[in-house]
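A short worksheet on the structure shown next.
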Amino acid sequence: MKQILLGNEAFARGAYEAGVRVATAYPGTPSTEITENIAKYKEVYAEWSPNEKVALEVAIGASIGGARALCCMKHVGLNVAADPLFTVAYTGVNGGLAVIVADDPGMHSSQNEQDSRCYARAAHVPMLEPSSSMEAKEFMLHAFELSEKFDTPVLVRSSTRVSHSRGLVDIEDREEVSLKEYRKDVKKYVMMPGMARGRHVAVEKRENDLEAFAETFELNSMEMGDTRIGVITSGIAYTYVKEALPGASVLKLGMVHPLPKKLIADFAGRVDKLYIIEELEPFFEEQILAMGIPCEGKALFTRQGEYSVNMIREKISGGKAAFNTTEDLPQRPPVLCAGCPHRGVFYILNKMKLAVMGDIGCYTLGALPPLSSMDAVVCMGASIGMTMGMEKARGRETAVKTVAVIGDSTFIHSGITGLIDMAYNSGTATVLILDNSTTGMTGHQNHPGTGKDICGSPAPRLDLELLCRAVGVKHVTVADPFDLKGLEKILKEETQREALSVVIVRRACLLLDSKDIKPPVTIKECKNCGLCLKLGCPALIKGDTEVLVDETLCTGCGLCIKVCPHGAIHARKADGKS
Amino acid sequence: MREKSILIAGVGGQGTLLASMILGQMAMDAGLDVKLSEVHGMAQRGGSVVTYAKFGEKVYSPVIEKGGADILLAFEMLEAERWIPYLKKEGHLLASTQKILPMPVITGAEKYPEGIETKITALYKDALFVDALALAREAGSAKAVNCVMLGVLAKKMDFDKSAWTDAIKKVVKPKFLELNIKAFELGYSI
């Protein structure tokens, strides 16, 4: 039976059909829906782990325990999980272990565009790269077979376009794979120097075996056509090549590490001119050049962003796409939703002119005008460490003007250790945990602080206040972001305090429960002073003589009522009367 | 049938994704290869959102590029103009006349462009502009603009009307089915 599946649904389906028993992940665009979908299969235990490192460790344990296990993450998540990855590469597996890593060329929703293929090479583990939903499903079956055959974790690389496009997929039945026997094997699983030295030998041998296997592996295929042009490519770039150069000869690499050297040399010998078309790093190109095979890649194609059919056509066959152009139009950047609980926080931070070390989540949008209240954003959890660094570099005067802003899910992911550092090493700045009771940006996943598990069933709730106190923070306050005066007062006190303090700014994401939405506000006798517009609310519109309310967007949160100095904005009662 | 590429442009929350899934379902049921592409994550938060629907004998890339769309189906006027470079010069444009102000306009930093309809018609003589918001409200919800516009699109394409309604029935949740079918019919009867 054929179905239209999102790439990420297809990855989940493939893992399911391959008999996966345990699936773990931390949400991250563009990988999130893999785990959301696999959680729907009752045969699979699925969890949102606190971060990718824990997720991979759970999957490793499941694999050692004899189960086929899957771990999913976005590209930057693999940085977090890199530590276990590099050593599970040594131990190998018992039950098959696949790690899906979704890259984001073009940075649709990421802070960098690193190329995860480099991890496969650095960790000496094989990597597969599908180019469509159909392949996403099929490659998962291969991944588990390879993992068990070669005693290795297998990386499967996706990209935004593979994960977030939909295509036809053949749906098949699940193959029940029984638990493998668990046998204690200290030399294989206890990686202390003596044993690890032995395993390093095994790792090298395995990589050589995989390289030999790659030469005839069915996922590496030559599609011979016009031999004047030959292209080596993989993943989504393959689909662009097929449209841009329909007649050309193509070597499609379904396994991107290790490379099939003989197959590549054979292909290169059959074509007049060899191009390497790969997004991001010259990963194939440098290895192929090192093999002494002349080819052209990054001299023509950028390391930045996504490729396209037009780009490939233009660079290789010289044709330009014809299209109409438009004048410069106003951009439509993403904004904090009307009624977002983060808005009030950034309004106050902006008003207090504080330096804000920010973090990764919806609230990163607080960096954009008119709220414009974020100074630095690096990676998950970095806000707290950066705040500590600012204080230690510039002293107490800076500490009173600097705060860390981090979401609840991000704090649990990797902010806790930063807070321990501040407590342990006598930081005195203020940390704001914006607790909206969900993982917002990736589409509302539960986490240990929500009191619900991946399926929405009740789960023990991590108590943020207790946790902060337990790591040594003496001053922990809870504030409501809709109470602007109260929040400002607390922030003034806490930033001045000569001790580390945490302010938990708590209100649930409005999108979680539409019951929290109230009738839209009304505006009467507006003086057009524009102060409410500083909230950056998409429901408040600057008119020529007055501010207008977009009633389709307004959620009646009432922040603007509190900000208006003229009392011109009014709440409307449920019956619609103002 | 030759490959068709339909670009659906709108603002986060307008339901471009549902529209593309209905298109995809219909094309699959007609025995065609289908690729759809969508945007998740940060851009969903009220940003400019686009989904691609491509179908034909064999579709490789899920992406529609500049000069690549046969049809531009726009749920908002500024987005209609923004995505014009992606429409073939001989392509067709169908737009809802709804205006949703972007943040730079809301704050007064920029003006919402004027005369979009005139500019578009100068490039695409047969461009069609529909007050889909009014029709969606008539159907029962402002959120049904997407299905109104699908109705408008259906009139321009070769598939049977029943193929569209069958696809809507398969994709839309039962709770919202009646509303969306009504919206589709209103768009179709333009």
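If you read the protein sequences in the order shown, they are chains A and B.
So for the first sequence, numbering that gives the first Met the number 0 puts the first residue at 0; every next one is plus one.
So for the second sequence, numbering that gives the first Met the number 0 puts the first residue at 0; every next one is plus one.
Quick reminder that beta carbons are idealized off the backbone N, C-alpha and C, glycines included.
Computed from a predicted structure; not experimentally measured.
Beta carbon proximity, residue i to chain B, threshold 8 angstroms
i: residue 323 of chain A; result: yes
i: residue 11 of chain A; result: no
i: residue 107 of chain A; result: yes
i: residue 163 of chain A; result: yes
i: residue 71 of chain A; result: no
i: residue 535 of chain A; result: yes
i: residue 4 of chain A; result: no
i: residue 224 of chain A; result: no
i: residue 8 of chain A; result: no
i: residue 572 of chain A; result: no
i: residue 242 of chain A; result: yes
i: residue 371 of chain A; result: no
i: residue 346 of chain A; result: no
Where residue i falls, given that 16 or more other Cβ within 10 Å makes a residue buried
i: residue 65 of chain B; result: buried
i: residue 553 of chain A; result: buried
i: residue 170 of chain A; result: exposed
i: residue 181 of chain A; result: exposed
i: residue 312 of chain A; result: buried
i: residue 578 of chain A; result: Because residue 578 of chain A is not part of the residues shown, which for chain A are 0 to 577, the question remains open.
i: residue 513 of chain A; result: exposed
i: residue 565 of chain A; result: exposed
i: residue 101 of chain B; result: buried
i: residue 223 of chain A; result: exposed
i: residue 0 of chain B; result: Caution applies to residue 0 of chain B, whose pLDDT of 49 falls short of 50 and renders its modelled position unreliable; the value that the coordinates give is listed next. Burial call: exposed.
i: residue 95 of chain B; result: buried
i: residue 396 of chain A; result: exposed
i: residue 191 of chain A; result: exposed
i: residue 528 of chain A; result: exposed
i: residue 408 of chain A; result: buried
Option in the options with minimal Cα separation from residue i
i: residue 352 of chain A; options: A:432, A:491, A:85; result: A:491
i: residue 258 of chain A; options: A:363, A:172, A:127; result: A:127
i: residue 439 of chain A; options: A:364, A:360, A:494, A:499; result: A:360
i: residue 270 of chain A; options: A:228, A:80, A:399; result: A:228
i: residue 103 of chain B; options: B:134, B:46, B:30; result: B:46
i: residue 118 of chain B; options: A:268, A:324, A:57; result: A:324
i: residue 306 of chain A; options: A:378, A:12, A:104; result: A:104
Expected contact under 8 angstroms - CB spacing of residue i and residue j to nearest Å
i: residue 70 of chain B; j: residue 90 of chain B; result: 6 angstroms
i: residue 32 of chain A; j: residue 8 of chain A; result: 6 angstroms
i: residue 139 of chain A; j: residue 168 of chain A; result: About 11 angstroms; that fails the 8 angstroms criterion.
i: residue 520 of chain A; j: residue 555 of chain A; result: 6 angstroms
i: residue 107 of chain B; j: residue 48 of chain B; result: Incorrect: roughly 24 angstroms between the Cβ atoms, too far for contact.
C-alpha gap between residue i and residue j, whole angstroms
i: residue 382 of chain A; j: residue 185 of chain A; result: 40 angstroms
i: residue 174 of chain B; j: residue 294 of chain A; result: 57 angstroms
i: residue 441 of chain A; j: residue 156 of chain A; result: 19 angstroms
i: residue 315 of chain A; j: residue 308 of chain A; result: 11 angstroms
i: residue 85 of chain A; j: residue 256 of chain A; result: 15 angstroms
i: residue 189 of chain B; j: residue 151 of chain B; result: 7 angstroms
i: residue 141 of chain B; j: residue 22 of chain B; result: 21 angstroms
i: residue 386 of chain A; j: residue 20 of chain A; result: 41 angstroms
i: residue 24 of chain A; j: residue 71 of chain A; result: 5 angstroms
i: residue 169 of chain B; j: residue 163 of chain B; result: 10 angstroms
i: residue 290 of chain A; j: residue 263 of chain A; result: 9 angstroms
i: residue 59 of chain B; j: residue 111 of chain A; result: 27 angstroms
i: residue 322 of chain A; j: residue 310 of chain A; result: 14 angstroms
i: residue 406 of chain A; j: residue 182 of chain B; result: 40 angstroms
i: residue 54 of chain A; j: residue 64 of chain A; result: 15 angstroms
i: residue 429 of chain A; j: residue 50 of chain A; result: 24 angstroms
i: residue 244 of chain A; j: residue 317 of chain A; result: 11 angstroms
i: residue 216 of chain B; j: residue 516 of chain A; result: There is simply no residue 216 of chain B to check, as chain B begins at 0 and stops at 189 in what is shown.
CB contact below 8 angstroms: residue i versus chain A
i: residue 81 of chain B; result: yes
i: residue 36 of chain B; result: yes
i: residue 66 of chain B; result: yes
i: residue 13 of chain B; result: no
i: residue 46 of chain B; result: yes
i: residue 150 of chain B; result: no
i: residue 106 of chain B; result: yes
i: residue 169 of chain B; result: no
i: residue 0 of chain B; result: Any reading at residue 0 of chain B needs caution, since the residue's pLDDT is 49, under 50, leaving its predicted position unreliable; the model's value is listed next. By this cut-off, residue 0 of chain B is not an interface position.
i: residue 172 of chain B; result: no
i: residue 111 of chain B; result: yes
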